[in-house]
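So this is what it looks like as structure tokens:
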């Protein structure tokens, strides 16, 4: 074995040992440390705070950077199978798509709030009868109006009316208690 071959082999062994060491260190990291490591390796912050998930993702990325990722053939097959997949699952491959395809629609800006589909249209008035009194709430672009005051959520208005905490959608009859499938969010 020549000297350069021995040097390359030693370098490869130390790189594999370094990967193993880095992956082993993940076990002792806190969630905050894993979040920081994720951002360092992926170049973007994670939305997850699940420690086990973060360990797996960071460990995979460490190995991927050291040993190489998927082959071009594997990526091509994934793209072929995921042709109809939502854009969020194909993130990161936009630069690999052919130029003759139309650009995908840009997602809304993160600061722009999407209006909850359970809410009536802007300008409509909700009427709730509580203890014999009718209460009217007007839908606004950025909230609700009740008795001349603006509120950010229906739940706050329900609290003003009843004096107790309520899910605003449930109180105003925009979803039902049964199954509560449509009552997940607050307004």
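Numbering (this note's numbering), first residue to last: 38 to 224.
Cβ atoms here follow ideal geometry from the backbone N, Cα and C, with glycine treated the same way.
Notebook entry, point to check: Per DSSP, residue 180 forms a beta bridge with which residues?
Noted result: The partner list for residue 180 (beta bridge, DSSP) reads 177.
Checklist line | residue 193: first and last residue of the uninterrupted alpha helix (DSSP H) it sits in | finding: Membership of residue 193 in the alpha helix (DSSP H) is indicated by the continuous run 191-199.
Notebook entry, point to check: What do you reckon, are the CB atoms on residue 198 and residue 165 nearer than 9 Å?
Noted result: By the CB criterion at 9 Å, residue 198 and residue 165 fall inside the cutoff.
Check: Per the contact definition of three or more C-beta pairs closer than 8 Å, is the region 90-99 in contact with the region 57-74?
Finding: Judged by pairs of C-beta atoms under 8 Å, the region 57-74 touches the region 90-99, as three or more such pairs exist.
Check: Taking all protein chains shown into account, do 16 or more other C-beta atoms lie within 10 angstroms of the C-beta of residue 195, making it buried, or fewer, making it exposed?
Finding: Burial is judged here by how many other beta carbons sit within 10 angstroms of a residue's own beta carbon; residue 195 has at least 16 and is buried.
Check: Name the DSSP bridge partner or partners of residue 165?
Finding: BP columns for residue 165 point to 172.
Item checked: Other residues of its chain near residue 155: CB distance less than 7 Å, five sequence neighbours each side excluded -> Around residue 155: 206, 211, 212, 219.
Item checked: Cα-Cα separation, residue 59 to residue 110 -> Rounded to the nearest angstrom, the two C-alpha atoms are 29 Å apart.
Check: Helix, strand or coil: how does DSSP classify residue 37 here?
Finding: The chain is shown only over 38 to 224; residue 37 falls outside these bounds and no answer can be derived.
Note to self: With a threshold of 7 Å on Cβ separation, who are the neighbours of residue 171 within its own chain once the five nearest residues in sequence on each side are excluded?
What the structure shows: 164.
Item checked: Residue environment, residue 162, which counts as buried when at least 16 other CB atoms sit within 10 Å -> When all chains shown are included, residue 162 counts as exposed.
Checklist line | Nearest neighbour of residue 175, chosen from 78, 186, 44 [CA to CA] | finding: The option with the nearest alpha carbon to residue 175 is 186.
Next item on the list: Give me the Cα-Cα distance between residue 157 and residue 168, rounded to the nearest whole angstrom.
Entry: Distance between the alpha carbons of residue 157 and residue 168: 24 Å.
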